[in-house]
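Protein sequences, first through last, are from chains A and B. Under our numbering, the residue at position 132 of the first sequence is numbered 132, and the numbers go up by one with no gaps. Under our numbering, the residue at position 167 of the second sequence is numbered 167, and the numbers go up by one with no gaps. Remarks on the structure that follows.
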Amino acid sequence: MVQKRMHRFSIGTLFVVLAVCMGCEGGRLTPVGPTDSAIVDDTLIHQVRLQWSPYLGVHVTAEALDTYRDALATLRSKGQLRGVRIELHPNLSPNDRAISAIRSTGVDLLALVSNQYLFVDNIEREFDKILADYPEIRYFQIGNEVTTILPADGPTIDIAGYMSVFRRIYDHVQARYKGRVVLLTQSSLGSGSRGAMELEAMVDHGLLELDPNQVVIGINSYDLDSAAQYLGLLGGALRKYRVWVTESGVRDSKLHISWVQENYPRLRNLLRAERVYWYTLWGGDAGPDTEFSLVKQPANYPNYWRSPLFSVLTAER
Amino acid sequence: MTRSQGAAVMCVVVVMMPMNLAGQDSSTLTSSDRKAGTYLKVGFAQWQGNIFNKNSLTNWDIDLFETNLELRSVKLSVESYFGDTLMQLSGFSVGYRKDNLHRSESGHMMSLGLFRDIDAKVFAVKTSVGVEWGMPSFSFDQTELRSGSDGIVRYRHAYIYRNTNIPFVGTNTDGVVYPFIEVSVLQRPWGLLFETGMRVGFPRFNLDDYEVSPLDIVGYALNRKRVMVPYVFAEFGVRVF
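Laid out in structure tokens, this is it:
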């Protein structure tokens with residue numbers, strides 16, 4: 001009887017010890033740093049730069065020319081900028097001062113071919129013109145959020161229509177510019193499940209017929225919920241295709257640092273993203289000084305506002 | 001012997017073990033000794049491993065300080081014990097496990113299992129087999145990215161292979177289903193249940209290596225293999241029927 005009680009006591013003790021151990025705080029995979037811009041120590045700089053992906057979206061506007069030059073040069077001099085995503089509109093001149101300023105930095109350019117091009121009759125001729133105007137650009141993204149960013153009173157396009165245009169450009173590139181150009185698919189809306197559903201529809205409309213060496217999958221991701229929706233596709237049908245996150249970030253400058261620390265590694269882990277582009281250096285959809293911006297008040301150059309993330313990325317060590 | 005063959009042998013051993021034990025003491029199997037009942041159980045679980053190290057991913061790594069995957073879970077299950085063994089089975093269980101409590105959008109696993117238990121006088125030994133189905137934790141998706149000075153980008157993406165659909169969520173293949181085996185010891189004093197043990201899941205993992213040259217020539221080494229993912233657990237239950 002005593003022995004039986006002892007056995008019961010042992011099992012009970014084992015149960016309690018296991019339960020207490022498992023209940024302890026733990027399991028966090030990524031360190032989280034402070035977002036206070038005043039705290040810029042070496043450890044934080046190291047942690048943020050370790051996770052940062054040196055790619056950035058830049059709105060093409062001459063309003064911020066001097067600030068752009070300064071901010072891009074500063075990021076580049078610190079090794080925190082390798083590539084920039086810019087949007088090419090049909091009415092944009094290749095000699096535009098902002099374009100020239102960005103091109104002069106020597107960064108790797110990803111050209112977003114505006115949604116307006118999707119509706120031109122002779123897209124092949126337009127693409128020839130774009131390539132002639134921007135001979136140094138290798139990566140072209142054909143459209144962005146094509147079912148949601150459209151003129152209010154203009155034409156619309158669905159995924160079947162989009163894939164038809166994409167296929168025409170792809171075939172044209174393979175015939176005339178093979179090895180010169182890599183195409184990115186449109187990036188769908190970066191929240192909710194719409195993006196993954198549209199990518200799945202793109203697969204249904206022939207995406208898998210395109211050479212994975214010539215096409216990169218573009219994804220916008222502003223939350224992990226939306227990123228999680230892609231996992232079955234990327235690990236299945238699209239397993240051979242490269243993935244770039246062409247827009248990411250958070251609309252609150254106080255959270256920029258923690259976003260990079262926590263979510264950049266998660267986006268890589270989940271989506272195997274080779275590149276993650278921070279949404280924007282300055283501006284955004286809701287006005288020029290949006291909270292996505294790494295810099296604000298560019299008219300105050302050289303005393304423009306710098307976000308805590310920008311400060312960490314460009315800090316002296 | 002390959003690892004999958006080893007896993008199959010282990011599965012057979014686990015299922016046969018209680019039968020052998022029972023054979024050594026036939027009195028433990030009499031229907032009069034069995035306590036029928038249905039229990040509502042809650043518990044904790046702990047996963048641990050090194051997802052990029054194939055050896056430690058496929059073998060339980062007991063070194064607490066050499067892991068890059070650590071996951072805490074909570075479990076809720078209903079377990080029913082038959083009054084008599086039925087086709088060598090003692091009962092069945094239906095459960096839900098939430099992996100990684102920090103994130104709500106993933107780590108939701110349902111399970112259905114059949115078990116056999118034998119009374120070893122002071123406690124019972126229980127072995128189970130079954131399937132887990134659901135949306136696995138993000139912690140099972142890892143990418144190791146390296147950009148070399150030669151301009152070549154190399155990365156390994158290791159992730160659980162999603163092989164089934166979760167209705168109303170995401171795309172068509174966003175969930176996993178895989179078998180598991182479980183060994184535990186338990187006591188059922190009065191209307192309570194205490195149990196601790198180990199469950200080993202056998203999901204398939206994709207281990208994909210990519211190499212992208214500066215001219216965007218992509219090289220691949222895509223592998224898929226079934227691996228053992230073990231976790232230990234402790235559960236407490238209350239008899240409800």
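Each residue gets a CB set at the ideal place from its N, CA and C atoms; glycine is no exception.
Fewer than three Cβ pairs drawn from the region 116-123 of chain B and the region 198-209 of chain A lie within less than 8 Å of each other, which leaves the two stretches out of contact. The three-state secondary structure of SER111/B, taken from DSSP, is strand. Measuring C-alpha to C-alpha distances from VAL42/B to each of THR85/B, GLN48/B, PHE82/B, SER93/B identifies SER93/B as the nearest. Assignment of ASP223/A by DSSP, reduced to helix, strand and coil, places it in the coil class. C-alpha of VAL122/B to C-alpha of GLN187/B: approximately 8 Å in a straight line. Excluding sequence positions up to five before and after ASP108/A, its CB lies within less than 7 Å of the CB of ARG82, GLY83, all in the same chain and listed in chain order. A straight-line Cα-Cα distance of about 6 Å links SER184/B and THR127/B. For the region 185-204 of chain B, the residues whose beta carbon sits under 7 Å from a beta carbon of chain A are, in order, VAL185, GLN187, PHE194, THR196. DSSP, read as helix, strand or coil, puts ASN206/B in strand. The beta carbon of PHE202/B lies closer than 7 Å to those of ALA7, TYR178, PRO179, PHE180, ARG226, MET228 in the same chain, with the five residues before and after it left out. Two segments are said to touch when three or more pairs of C-beta atoms, one from each, lie closer than 8 Å; by this definition the region 67-75 of chain A touches the region 297-306 of chain A. Counting only runs of 4+ residues, the alpha helix (DSSP H) found wholly inside the region 237-307 of chain A occupies 256-271, in chain order. In the three-state reduction of the DSSP assignment, ALA45/B falls in the strand class.
Exposure of GLN88/B is indicated by the presence of fewer than 16 other C-beta atoms within 10 angstroms of its C-beta.
The region 149-161 of chain B makes no contact with the region 95-108 of chain B, as fewer than three CB pairs between them are under 8 Å.
Interface with chain B (8 Å Cβ-Cβ cutoff): ASP225/A is included. Judged by DSSP in its simplified three-state form, MET198/B adopts strand.
Within the DSSP secondary-structure output, VAL58/A pairs in no beta bridge. Within the region 165-210 of chain A, the runs of beta strand (DSSP E) at least 3 residues long that lie entirely inside it are, in chain order, 182-184. At a cut-off of 8 Å between C-beta atoms, PRO135/A does not count as an interface residue with respect to chain B. Residue burial is scored here from C-beta neighbours: HIS59/A has at least 16 other C-beta atoms within 10 angstroms and is therefore classed as buried. Look at the region 177-188 of chain A: the residues with a C-beta under 8 Å from a C-beta of chain B are GLY179, VAL182. Using beta-carbon distances, GLU262/A does not count as an interface residue toward chain B, since no partner is under 8 Å. Interface annotation, LEU231/A: in contact with chain B, CB-CB separation under 8 Å. DSSP links ARG226/B through a beta bridge to ARG204/B. Going by beta carbons, LEU114/B and VAL129/B fall inside the 8 Å limit. Contact between the region 227-243 of chain A and the region 140-156 of chain A is absent: fewer than three C-beta pairs spanning the two stretches fall below 8 Å.
Contact check between the region 118-130 of chain A and the region 282-296 of chain A: fewer than three CB pairs, one atom from each, fall below 8 Å, which does not count as touching. Taking all protein chains in view, the Cβ of ILE217/B is surrounded by fewer than 16 other Cβ atoms within 10 Å, so the residue is classified as exposed.
Closer than 8 Å at the C-beta level to chain A, one finds these residues of the region 98-110 of chain B: ASN100, LEU101, HIS102, ARG103, GLU105, SER106. Under the three-state reduction of DSSP, TYR161/B is assigned to coil, being neither helix nor strand.
Counting the other Cβ atoms within 10 Å of the Cβ of GLY79/A gives fewer than 16, which makes it exposed. GLY236/A has its alpha-carbon roughly 15 Å from the corresponding atom of ALA221/B. Counting only residues of its own chain and dropping the five nearest sequence neighbours on each side, SER187/A has a CB closer than 6 Å to the CB of ASN144, GLY218, ILE219, ASN220, THR246.
Straight through space, the alpha carbons of ILE257/A and LEU71/B are spaced by roughly 25 Å. In the structure shown, LYS129/A adopts helical secondary structure according to DSSP, grouped into three states.
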